[in-house]
Amino acid sequence: MSNRETKTDVILIGAGIMSATLGTLLKELVPDWKIAVFEKLSKAGEESSNEWNNAGTGHAALCELNYTTEKPDGSVDISKAININEQFQVSMQFWSYLVNSKLIHNPQEFIMPLPHMSLVQGEQNVTFLKKRFEALSNNPLFQGMEFSDDPEKLMEWIPLIMQDRTANEPIAATKIDSGTDVNFGSLTRMLFDHLESQNVDINYKQSVQDIKRTSDGLWELKVRNLDSGIIERHTAKFVFIGGGGGSLHLLQKSGIPEGKHMGGFPVSGIFMVCKNPDVVAQHHAKVYGKAKVGAPPMSVPHLDTRFIDNQKSLLFGPFAGFSPKFLKTGSLFDLVTSVKPDNLLTMLSAGAKNMSLTNYLVQQVMLSKEKRMEELREFIPSAKSEDWDFVIAGQRVQVIKDTEAGGKGTLQFGTEVVSAADGSIAALLGASPGASTAVHVMLEVITKCFPEHVKEWEPKMKEMIPSYGVSLMENPELLHEIHTLTAQTLGLSEKKPAFS
Ligand SMILES: Cc1cc2nc3c(=O)[nH]c(=O)nc-3n(C[C@H](O)[C@H](O)[C@H](O)COP(=O)(O)OP(=O)(O)OC[C@H]3O[C@@H](n4cnc5c(N)ncnc54)[C@H](O)[C@@H]3O)c2cc1C
Numbered sequence: 488m489s490n491r492e493t494k495t496d497v498i499l500i501g502a503g504i505m506s507a508t509l510g511t512l513l514k515e516l517v518p519d520w521k522i523a524v525f526e527k528l529s530k531a532g533e534e535s536s537n538e539w540n541n542a543g544t545g546h547a548a549l550c551e552l553n554y555t556t557e558k559p560d561g562s563v564d565i566s567k568a569i570n571i572n573e574q575f576q577v578s579m580q581f582w583s584y585l586v587n588s589k590l591i592h593n594p595q596e597f598i599m600p601l602p603h604m605s606l607v608q609g610e611q612n613v614t615f616l617k618k619r620f621e622a623l624s625n626n627p628l629f630q631g632m633e634f635s636d637d638p639e640k641l642m643e644w645i646p647l648i649m650q651d652r653t654a655n656e657p658i659a660a661t662k663i664d665s666g667t668d669v670n671f672g673s674l675t676r677m678l679f680d681h682l683e684s685q686n687v688d689i690n691y692k693q694s695v696q697d698i699k700r701t702s703d704g705l706w707e708l709k710v711r712n713l714d715s716g717i718i719e720r721h722t723a724k725f726v727f728i729g730g731g732g733g734s735l736h737l738l739q740k741s742g743i744p745e746g747k748h749m750g751g752f753p754v755s756g757i758f759m760v761c762k763n764p765d766v767v768a769q770h771h772a773k774v775y776g777k778a779k780v781g782a783p784p785m786s787v788p789h790l791d792t793r794f795i796d797n798q799k800s801l802l803f804g805p806f807a808g809f810s811p812k813f814l815k816t817g818s819l820f821d822l823v824t825s826v827k828p829d830n831l832l833t834m835l836s837a838g839a840k841n842m843s844l845t846n847y848l849v850q851q852v853m854l855s856k857e858k859r860m861e862e863l864r865e866f867i868p869s870a871k872s873e874d875w876d877f878v879i880a881g882q883r884v885q886v887i888k889d890t891e892a893g894g895k896g897t898l899q900f901g902t903e904v905v906s907a908a909d910g911s912i913a914a915l916l917g918a919s920p921g922a923s924t925a926v927h928v929m930l931e932v933i934t935k936c937f938p939e940h941v942k943e944w945e946p947k948m949k950e951m952i953p954s955y956g957v958s959l960m961e962n963p964e965l966l967h968e969i970h971t972l973t974a975q976t977l978g979l980s981e982k983k984p985a986f987s
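Set out below in structure tokens:
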């Protein structure tokens, strides 16, 4: 039964950071366009974007070792790190624009300055870290990075990690003070509050069940009201599928050829959390280590200071695991129902290629608390079991597709914008680097889907993102100016009193 039908310019599916960002960008570019949002949960930012469902790292490649690889000649490839850093600068500029324009307030509720560090042990790893440091610290994007293999210096930087450490293996770290902890849940909620004040029609507890093309070229969504069970139909000229893990199923329903031969592989995550103020007070950084052999890149262990609900805590993990759900609130049938005739071969090939990964993930799920504590003690030798609890994090659905380099069914670890040739619909798949690069990724959606407007929108784009269309690495003066301004606006330059 259907009792409401609407027509609008834009529909955003899902109320996570991606829809929040795209909606906010579009409202600034074309305030007259009518936008509607359909979200199946009762609030915004409750799935992967929620602060407890992700690690809150402002990914700028300042500490993540998996963004730099060693080339066969022994040199370090930093091209990926440069890309990610440039993308994060785009987010920082847009957030600063929103604060300066008073569209959002109190940046300290979503972003805090926090040193980012990489930590390694063993001679080979120390040599790699030093080479990585030399390659990065010569680049303007990574200015201010320090390296040390002196245990006394490291004790000063990371006392909790260094005290009671008995192993006498070489150990080294890099540290850069311009890192951040980002509360993406809080930011998502702020952006949705702003969109609501701009008359965006936001509908919670409404699950999108189907997407079909109409004869006049619009998209019609079949939406179920989860309270009443009533089905409504809503049409739009442009649809963004920002359903996080739920996007693949919706993309498949749209039937666009660009969405064929693609699949998804869910990786779940568990963090350990410590709220004991005595322990929390001894650590102030995000410290990223090296992934274990056979572990997927998103399970690089890290020990992070987090700022959530005006409270400082420590988070360790993630421990990767396997669950067939595509969303934390999803169904156990998500993986099976994502297999369609067009992606069957792709999925079977991926299954055959990734047996060892699946085994690894299943083993990870079975780990006892004591086993997890052993991994934590590689970071904090004196960690006590009673100080640490578990938090179930969000699901990350990695994209599976056929690629020239990897062949059929290759597992991808990045994000992927899939859009129809006529730009009338786009979906975001994948989850890494994730929320940190939301602004860059949503600009990609805009460029792909609204090419006819890009020229006309350019002046506003430059107002919101001064480096729009420019490489900051190649313009160190602009980079310095932007760094100074964003740090001031977002409150990242002054030393803040630590939360208790
Ligand atoms: C363990 C973990 C750690 C991470 N760490 C980081 C990090 O440190 N830094 C970082 O930048 N990123 C990180 N990420 C990635 C980041 O969290 C995601 O990339 C980002 O939150 C995705 O935002 P989204 O809006 O696409 O999806 P989501 O936030 O998941 O939002 C999607 C929304 O769509 C809704 N939805 C789905 N299907 C439907 C439907 N059919 N109808 C209506 N609504 C629907 C869902 O309910 C949900 O609210 C991490 C992710 C995980 C899981």
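The opening position of the sequence shown corresponds to residue 488 in this note's numbering, with each subsequent residue numbered one higher. Just so you know, even glycine gets a beta-carbon here, dropped at the ideal spot from N, CA and C. Quick caveat, the model's predicted, so the values are computed rather than measured.
Asked: Relative to the alpha-carbon of D714, which residue among P646, N690 and V577 has its alpha-carbon at the smallest distance?; Found: N690
Asked: With the cut-off set at 7 Å, would you say P753 and F671 are in Cβ contact?; Found: no
Asked: Go ahead and label F575 buried or exposed: buried means 16 or more other beta carbons lie within 10 angstroms of its beta carbon, across all protein chains shown.; Found: buried
Asked: Opposite T451 in the DSSP bridges: which residues?; Found: Outside the shown range of the chain, which is 488 to 987, sits residue 451, and nothing can be said about it.
Asked: What does DSSP give as the partner residue(s) for C761 in the beta ladder?; Found: L801 and W875
Asked: Under 6 Å: does the beta carbon of E862 sit that close to some heavy atom of ligand 1?; Found: no
Asked: Please name the residue, chosen from E968, Q685 and C550, that lies closest to H590 on a Cα-to-Cα basis.; Found: For the record, residue 590 in the displayed sequence is Leu; it is not His. Comparing Cα positions, the closest option is Q685.
Asked: Any idea which residues DSSP pairs P753 with across the strands?; Found: V884
Asked: Out of curiosity, what's the CA-to-CA distance linking D765 and A870?; Found: 12 Å
Asked: Quick check: does the Cβ of K527 come within less than 6 Å of any heavy atom belonging to ligand 1?; Found: yes
Asked: Should I504 be labelled buried (16 or more other beta-carbon atoms within 10 Å of its own) or exposed?; Found: buried
Asked: Taking N587 as the reference, give the member of G893, I952 and L528 with the closest Cα.; Found: I952
Asked: Between M599 and ligand 1, is the CB less than 6 Å from at least one heavy atom?; Found: no
Asked: What is the DSSP secondary structure of D989, reduced to helix, strand or coil?; Found: Because residue 989 is not part of the residues shown, which for the chain are 488 to 987, the question remains open.
Asked: How should S741 be labelled, buried or exposed, when 16 other C-beta atoms within 10 angstroms of its C-beta is the threshold for buried?; Found: buried
Asked: Count the other CB atoms within 10 Å of the CB of D909; is the residue buried (16 or more) or exposed (fewer)?; Found: exposed
Asked: Going along the chain, which residues of its own chain have a beta-carbon closer than 7 Å to the beta-carbon of K494, five neighbours each way excluded?; Found: T722
Asked: Give the range of the alpha helix (DSSP H) segment to which W944 is assigned.; Found: V941 to M951
Asked: Could you say which of N763, G609, P602 and L822 lies nearest to H789 if we only look at CA atoms?; Found: P602
Asked: Have a look at S954, S980 and S624 and flag the residue whose alpha-carbon is nearest the alpha-carbon of F581.; Found: S954
Asked: Have a look at G756 and P805 and give me their C-alpha separation to the nearest angstrom.; Found: 6 Å
Asked: Counting C-beta neighbours from all protein chains within 10 Å, is the total for E534 16 or more, i.e. buried, or is it exposed?; Found: buried
Asked: Mind checking whether the beta-carbon of I1042 lies closer than 6 Å to any heavy atom of ligand 1?; Found: Any property of residue 1042 remains undetermined from this structure, which presents the chain solely from 488 to 987.
Asked: Less than 7 Å between C-beta atoms, sequence neighbours within five positions excluded: which residues of the same chain meet that for E515?; Found: K947 and M951
Asked: Buried or exposed: Q693, going by 16 or more other Cβ atoms within 10 Å of its Cβ?; Found: buried
Asked: Would G503 count as contacting chain C if we go by Cβ distances under 7 Å?; Found: In the structure shown, chain C cannot be found, because there is only a single protein chain.
Asked: Grab the span of the beta strand (DSSP E) containing E633 for me, first residue to last.; Found: E633 to S635
Asked: What is the residue span of the beta strand (DSSP E) that K494 lies within?; Found: E492 to I500
Asked: One question on the structure: do V932 and V905 come within less than 7 Å of each other, judged by their Cβ atoms?; Found: no
Asked: Where do the N-terminal and C-terminal ends of the alpha helix (DSSP H) with L512 fall, by residue?; Found: I504 to L516
Asked: From the DSSP output, in three-state form, read off L708 for me.; Found: strand
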